[in-house]
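These protein sequence lines are chains A and B, in that order.
Residue numbering for the first sequence follows my numbering, beginning at 72 and increasing consecutively.
Residue numbering for the second sequence follows my numbering, beginning at 72 and increasing consecutively.
A virtual CB, placed ideally from N, CA and C, is assigned to each residue, including glycine.
On a predicted model such as this, the values are computed, not experimentally measured, just so you know.
2 protein chains.
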Amino acid sequence: MKTDQKTGKRDSYHHGDLRTQLIEAARVLVEEKGPEQFSVSEACRIAGVSTAAPYKHFKNKEEMLQEVCILGMHRQRAQMVEEVSPHAPGTLDRIVALGRVYVRFAQEEPGVFRLMFGFANENDDDEALKELGHGTFTLVQQEVAWCRGSDEINAQDIQRAFLLWSFVHGLSFLRIDGKLSKVDLSIDIESTLTEIARRVLTDEVPAD
Amino acid sequence: MKTDQKTGKRDSYHHGDLRTQLIEAARVLVEEKGPEQFSVSEACRIAGVSTAAPYKHFKNKEEMLQEVCILGMHRQRAQMVEEVSPHAPGTLDRIVALGRVYVRFAQEEPGVFRLMFGFANENDDDEALKELGHGTFTLVQQEVAWCRGSDEINAQDIQRAFLLWSFVHGLSFLRIDGKLSKVDLSIDIESTLTEIARRVLTDEVPAD
DNA sequence: TACATAAGTTAGAAACTCTTACTTTGACAA
DNA sequence: TTGTCAAAGTAAGAGTTTCTAACTTATGTA
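Put into structure tokens, the structure is as follows:
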């Protein structure tokens, strides 16, 4: 079952773990060359199988990338849950933590991040993907409600959560697109996130 | 020189206006099928030339798409200048107008909008593109400074302009990616933009 | 042990990008 | 008016790529 890392040659006809390894190869390639440049052929070369092999495991290229997406969203979600946990519920710190994870994930895995968006639209959105995305957004809404001192999410909470999402989403893209370097001065992400959370979630914003 | 729209046949060997028509065909295709699905071959079919013809005018596919980008940025810029003009300098209305153009452009030309970003990064950013993008951002910075009652752009203005940019950028993407439909309630763009401009540019934000 | 099936392979069709070598044509100088 | 050159087409094809079809090998279970 083992695959020789150097030659890609296997010691048995069957690979044993091809599906998983193809997804991992795809993830690495998407990160290295960007989602657009990714090719199934190259993933096959890495995994050491013929170019027809993936089609026993995935309907097509899109479905392969979709799996990369889904794993990415799970990682993002896990990081959010992890990073929020040290902070007391109902504090702005938790909101800031969520934003920090979002921006950091985009920074650390720009290829997968790009794939996660700008991909959903192309495909008629797989149900699993939709569910995942919605779940994460609900998480944010809940935090906003807690900040307001309530367990119930109301319309205004959703609006505000959406404002926060828009902001970190844009910030993430502008960063990985290198637009931040155009802004001559360095922007401190942490204080920017805090500033935004304050301005969006507080009704009275104190003068700077 | 004329090209028969139906058959794509020309009445002369030379096309006469191929470069321009290829760019226009590319724009349409990018809009119809998305930037990823665009193919030079298809643009050739529309223009009624052989698949080798474009290479007399463009280095490669990328360069062709880059022209689509540049024209898009010019359109966006023109709309901004247009939409800002009726409002008195130094008013929030002008900031809101800029945001409205940004979001509307993304809505009306999602293909080109997507191309404009997520493309710049791939290519080592053509100088013309860089210059264009920077120019538009400077426009926003100037408006922010005026809101503050000064002609000079200071560090804080740049920061705030960047916050505004991040926001409308994220909002635009989330909209065209259909994430807004996840938010069960409808978000009114105009009032959202006003709300954001107020929260980002005002030092005292009145209670809702 | 037999054998159905899962999971590989080879071969190849269809599409795409881009190059090379050739052809047509318009423009301009003599 | 005519000769020539460069610009802008074409045809042909090399090299990739995605995906399918038909075939082969291994595995797990009756």
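Enclosing alpha helix (DSSP H) for residue i [first to last residue]
i                : result
Ala96 (chain B)  : 89-104
Asp164 (chain B) : 163-179
Ser112 (chain A) : 111-118
Leu251 (chain A) : Per DSSP, Leu251 (chain A) belongs to no alpha helix (DSSP H) and is neither H nor E.
Ser262 (chain B) : 260-272
Glu107 (chain B) : Unbroken run through Glu107 (chain B): none, as it is neither H nor E.
Lys130 (chain B) : Lys130 (chain B) -> no alpha helix (DSSP H), and no H or E assigned at all.
Phe208 (chain B) : 198-218
Residue i to residue j span [Cα, whole Å]
i                : j                : result
Gln212 (chain B) : Leu251 (chain A) : 14 Å
Leu264 (chain A) : Ala177 (chain B) : 25 Å
Ile267 (chain A) : Met144 (chain A) : 24 Å
Ala149 (chain B) : Val167 (chain B) : 16 Å
Arg219 (chain B) : Asn225 (chain B) : 10 Å
Gln137 (chain B) : His85 (chain A)  : 45 Å
Gly217 (chain A) : Glu179 (chain B) : Here residue 217 (chain A) is Trp; the residue named in the question, Gly, does not match the sequence. Straight-line Cα distance between these residues: approximately 37 Å.
Phe184 (chain B) : Ser83 (chain A)  : 49 Å
Gly249 (chain B) : Arg81 (chain A)  : 44 Å
Leu242 (chain B) : Lys130 (chain A) : 33 Å
Ser156 (chain B) : Gln147 (chain B) : 14 Å
Leu245 (chain A) : Leu163 (chain B) : 24 Å
Val174 (chain A) : Ile260 (chain A) : 8 Å
Glu214 (chain A) : Thr273 (chain A) : 14 Å
Phe188 (chain A) : Glu133 (chain B) : 22 Å
Phe109 (chain A) : Met151 (chain A) : 28 Å
Lys104 (chain A) : Leu142 (chain A) : 19 Å
Val101 (chain A) : Gln227 (chain A) : 38 Å
Leu186 (chain A) : Cys140 (chain B) : 21 Å
Ala97 (chain B)  : Ser221 (chain B) : 43 Å
Phe233 (chain B) : Ala118 (chain B) : 41 Å
Gly161 (chain A) : Cys115 (chain B) : 58 Å
Arg231 (chain B) : Arg270 (chain B) : 10 Å
Pro106 (chain A) : Gly182 (chain A) : 6 Å
Val29 (chain B)  : Glu113 (chain B) : Examination of residue 29 (chain B) is not possible in this model, given that chain B is present from 72 through 279 alone.
Ser237 (chain A) : Glu223 (chain B) : 29 Å
Ser257 (chain B) : Val120 (chain A) : 49 Å
Ala159 (chain B) : Ile229 (chain B) : 21 Å
Asp197 (chain A) : His240 (chain A) : 21 Å
Leu235 (chain A) : Ser262 (chain A) : 15 Å
Thr209 (chain B) : Gly170 (chain B) : 14 Å
Leu93 (chain A)  : Leu93 (chain B)  : 38 Å
Val172 (chain A) : Ile247 (chain A) : 14 Å
Arg165 (chain A) : Glu154 (chain A) : 8 Å
Glu95 (chain B)  : Val111 (chain A) : 31 Å
Opposing strand residues paired with residue i [DSSP bridges]
i                : result
Arg148 (chain A) : For Arg148 (chain A), which the question treats as bridged, DSSP gives no partner whatsoever.
Any non-hydrogen atom of the ligand GTP within 6 Å of residue i CB
i                : result
Gly189 (chain B) : Looking at this structure, you won't find the ligand GTP or any other ligand, since it has none at all.
Test: residue i CB closer than 7 Å to a CB of chain B
i                : result
Asp259 (chain A) : no
Arg270 (chain A) : yes
Asp197 (chain A) : no
Asp88 (chain A)  : no
Asp248 (chain A) : yes
Proximity test, Cβ basis, 7 Å: residue i and chain A
i                : result
Ser221 (chain B) : no
Gly241 (chain B) : yes
Leu169 (chain B) : no
Phe238 (chain B) : yes
Phe188 (chain B) : yes
Leu245 (chain B) : yes
Asp228 (chain B) : no
Thr78 (chain B)  : Here Thr78 (chain B) scores only 44 on pLDDT, less than 50, and its place in the model should not be relied on; the value that follows carries that caveat. Not an interface residue.
Q.
Measuring CB atoms only, is the region 109-125 of chain A touching the region 86-99 of chain A, in the sense that at least three cross pairs come out at less than 8 Å?
A. yes
Q) When the Cβ atoms of the region 199-209 of chain B are set against those of the region 199-210 of chain A, are three or more pairs found closer than 8 Å? A) Between the region 199-209 of chain B and the region 199-210 of chain A, the count of C-beta pairs closer than 8 Å stays below three; the two stretches do not touch.
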